[in-house]
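Enquirer: Encoded as structure tokens, here's the structure I'll be asking about.
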Amino acid sequence: MSQIRKQSIVSSLVVYIGFAIGFLNTYLFTRQGGFTQAEYGLTGIFMAIANIMYSFANLGMVAYIYKFYPYYNDNLPKKKNDMLSWALLVSLLGFCLVILAGILFKDLVIRKYGTNSPDLVKYYYYVFPFGLGLTLFTVLEAYAWQLKKSVFTNFLREIQFRLLTTLLIVLSFAGIIASFDLFIKIYSFTFLAVAIILLGYLVFTKHISFSFSVSRVSKKFYRKIISLISFVYGGSLVFTVSMVIDTIIIAAVLPDGLALAGVYTLAQNIASLIQAPQRGVISSSIGPLSQAWKDKDMGKISRIYNSSSINQLLFSVAMFALIWLNFDDAVLNFQLQHRYLEAAWVFFFIGMMRIVDMGTGVNSQIISTSTSWRFDFITGIILLSITLPLNYILTKYYYGVTGPAIANLITFTIYNSIRYWFLYKKFNLQPFNLKTIYTILLGAASYYCCFFLFRDMHGFVGMIARSVLFILIFAAGTKLLNLSPDVRPVWQTFQKRLGIKKGD
Numbered sequence: 116m117s118q119i120r121k122q123s124i125v126s127s128l129v130v131y132i133g134f135a136i137g138f139l140n141t142y143l144f145t146r147q148g149g150f151t152q153a154e155y156g157l158t159g160i161f162m163a164i165a166n167i168m169y170s171f172a173n174l175g176m177v178a179y180i181y182k183f184y185p186y187y188n189d190n191l192p193k194k195k196n197d198m199l200s201w202a203l204l205v206s207l208l209g210f211c212l213v214i215l216a217g218i219l220f221k222d223l224v225i226r227k228y229g230t231n232s233p234d235l236v237k238y239y240y241y242v243f244p245f246g247l248g249l250t251l252f253t254v255l256e257a258y259a260w261q262l263k264k265s266v267f268t269n270f271l272r273e274i275q276f277r278l279l280t281t282l283l284i285v286l287s288f289a290g291i292i293a294s295f296d297l298f299i300k301i302y303s304f305t306f307l308a309v310a311i312i313l314l315g316y317l318v319f320t321k322h323i324s325f326s327f328s329v330s331r332v333s334k335k336f337y338r339k340i341i342s343l344i345s346f347v348y349g350g351s352l353v354f355t356v357s358m359v360i361d362t363i364i365i366a367a368v369l370p371d372g373l374a375l376a377g378v379y380t381l382a383q384n385i386a387s388l389i390q391a392p393q394r395g396v397i398s399s400s401i402g403p404l405s406q407a408w409k410d411k412d413m414g415k416i417s418r419i420y421n422s423s424s425i426n427q428l429l430f431s432v433a434m435f436a437l438i439w440l441n442f443d444d445a446v447l448n449f450q451l452q453h454r455y456l457e458a459a460w461v462f463f464f465i466g467m468m469r470i471v472d473m474g475t476g477v478n479s480q481i482i483s484t485s486t487s488w489r490f491d492f493i494t495g496i497i498l499l500s501i502t503l504p505l506n507y508i509l510t511k512y513y514y515g516v517t518g519p520a521i522a523n524l525i526t527f528t529i530y531n532s533i534r535y536w537f538l539y540k541k542f543n544l545q546p547f548n549l550k551t552i553y554t555i556l557l558g559a560a561s562y563y564c565c566f567f568l569f570r571d572m573h574g575f576v577g578m579i580a581r582s583v584l585f586i587l588i589f590a591a592g593t594k595l596l597n598l599s600p601d602v603r604p605v606w607q608t609f610q611k612r613l614g615i616k617k618g619d
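When the count follows our numbering, it moves up by one through the sequence shown with no breaks and lands on 619 for the last residue.
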């Protein structure tokens, strides 16, 4: 567990640095005198469509790596390990099918988006290199996680990609990139550049070698591999569509769709700060979970489940409260375009959804690495069947840009409840205890204390006062109540590094 804790903490720090750069990019995109809301919204649409492209193109290869890597690693020498070779080849073939579908259905895209989001139609083909980069990177990332290189992959995804975006924005402001037309065309190749960097690193450091000879492991598990990817691919596909369909629906059905997609993208990017530790926890847990299922070590799986739940809940509750305390002041004080104030309630509902999703721990990873991975497909179908109609109805007929956020809170609560029930009934695994309730109560108490004390204080002084007091109250409460099993050892390590406390 100490290795998981260490990688989770380091990965989370990398992710937070990346988010700091991301917020700089968000500020530069949304500040007065910068990019238009429609231009910023187009970058969000690019990411949403690229995720759908990846979910179609990968053909279950990420799940294949998660589940079967221990078998390849334990039974084959590195030079004869054909897992990554087949994963990349199959994903590339899958992306060729995506390109073909994109060409065939272009007229449909024009009909659906030509009126409300004309720039999406204009730059339609530039989404494809962006989607290809995301597909290749994600497959390579899954393999690198098994090699315990999660910190480096998180650096590339969270920092390197955003730094490339920062560079493009700065070059635009400097007039070197003279138009948004050139900006978005270069931007479409940024993820492909990051994927090439990761591939080069793995090859150069000799962590991978390519072999297209069918190994004895591939022959032995062929039927199980096909069965796995058939079900998990379907589940992953519908889950990804459910995650990104909100932005796409906004662009399609609301007047001035790309501008409102920009408002929604701002709320998503701010809410993603709540989610930042999740990537670190997931990336450091996948390998140990795969091995634990192989070794039938239910105690280890239970410890990972419990620890991931309480740690992520602590992060998400604290970060949500901090942002919600300061949202309007931040938009005004940092001189963002005033229309972005509309993103406040969008953030609220997305943030609540993130708390629900993170508080239930690594349930998805536990299921996908277990023998019951077919359940991923079942829950994915349930999620999609609720998400699509609810997003459309709440967006078009009731709540406008806030509709998808409300829909996602409802659907992800149902989705995680089903998965919680399944793990409890099937394996007697559940992540909650009294500390879960204490965490929520501590977050609410800290929030209202800061809100009522400083509700009439605005500007940067008010933001700093609310934030500092909240952090002090929440941190003190977390330590006194001993809410996380990882707080004490992390604190002791921190003291040793500072020389406050000598090692035993």
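No residue lacks a Cβ here, since even glycine has one placed at the ideal position from N, Cα and C. Treat the numbers as computed from the prediction; the structure is a model and nothing was measured.
DSSP on Leu404, reduced to helix/strand/coil?
Expert: helix
Enquirer: Grab me the residues of Arg454's own chain with a C-beta within less than 8 Å of its C-beta, minus the 5 sequence neighbours each way, in chain order.
Expert: Gln152, Ala374 and Val378
Enquirer: Exposed or buried, which one is Gly290 when buried takes at least 16 other CB atoms within 10 Å?
Expert: exposed
Enquirer: With Asp472 and Ala459 assumed to form a contact (beta carbons below 8 Å), what rounded beta-carbon distance in angstroms separates them?
Expert: Not confirmed; about 21 Å, so no contact.
Enquirer: Grouping DSSP H, G and I as helix and E and B as strand, with all else coil, what is Leu451?
Expert: strand
Enquirer: Under 8 Å, do Leu203 and Glu256 count as touching if we go by C-beta distance?
Expert: Not a contact, by the Cβ cut-off of 8 Å.
Enquirer: Could you tell me if Val329 is buried or exposed, where buried requires 16 or more neighbouring beta carbons within 10 angstroms of its beta carbon?
Expert: exposed
Enquirer: With burial defined as no fewer than 16 other Cβ atoms inside 10 Å of the residue's Cβ, what is the status of Val129: buried or exposed?
Expert: By the neighbour-count rule (16 or more Cβ atoms within 10 Å), Val129 is buried.
Enquirer: Nearest-angstrom Cα distance between Gly476 and Leu498?
Expert: 18 Å
Enquirer: In this structure, how does DSSP classify Arg581 when only helix, strand and coil are distinguished?
Expert: Helix, per DSSP.
Enquirer: Need the endpoints of the alpha helix (DSSP H) that Gln261 sits in, please.
Expert: Val242 to Gln261
Enquirer: In whole angstroms, give me the CA-to-CA distance for Gln383 and Pro192.
Expert: 43 Å
Enquirer: Looking only at DSSP bridge pairs, what is Arg146 linked to?
Expert: Leu451
Enquirer: Could you spell out the range, first to last residue, of the alpha helix (DSSP H) harbouring Gly217?
Expert: For Gly217, the enclosing alpha helix (DSSP H) has its first and last residue at Met198 to Leu219.
Enquirer: Taking C-alpha atoms, which residue in Ser294, Thr484, Val353 and Gln275 lies nearest to Pro185?
Expert: Checked all of Ser294, Thr484, Val353 and Gln275; the closest Cα to Pro185 is Thr484.
Enquirer: DSSP three-state call for Pro600: helix, strand or coil?
Expert: coil
Enquirer: Starting from Asn269, follow the alpha helix (DSSP H) in both directions and report where the run begins and ends.
Expert: Ser265 to Asn269
Enquirer: If you count every other CB in all the chains shown that lies within 10 Å of the CB of Asn231, and 16 or more means buried, which is it?
Expert: buried
Enquirer: For Val125, which residues in the same chain have their Cβ closer than 6 Å to its Cβ, ignoring the five residues on either side in sequence?
Expert: Val266
Enquirer: By alpha-carbon positions, which one of Ser398, Val318, Ala436 and Phe210 ends up nearest to Lys264?
Expert: Ser398
Enquirer: Around the C-beta of Phe76, are 16 or more other C-beta atoms found within 10 angstroms, so that it is buried, or is it exposed?
Expert: No answer is possible for residue 76: it lies beyond the span of the chain, which begins at 116 and ends at 619.
Enquirer: Please return the same chain residues whose Cβ sits closer than 6 Å to the Cβ of Lys415, not counting the five positions on each side in sequence.
Expert: Ala407
Enquirer: Going by other Cβ atoms of all chains shown within 10 Å of its Cβ, with 16 needed for buried, is Cys565 buried or exposed?
Expert: Classification for Cys565: buried.
Enquirer: Spatial neighbours of Leu584 within its chain, please: CB distance less than 6 Å, with the 5 preceding and 5 following residues excluded, ordered by chain position.
Expert: Cys565
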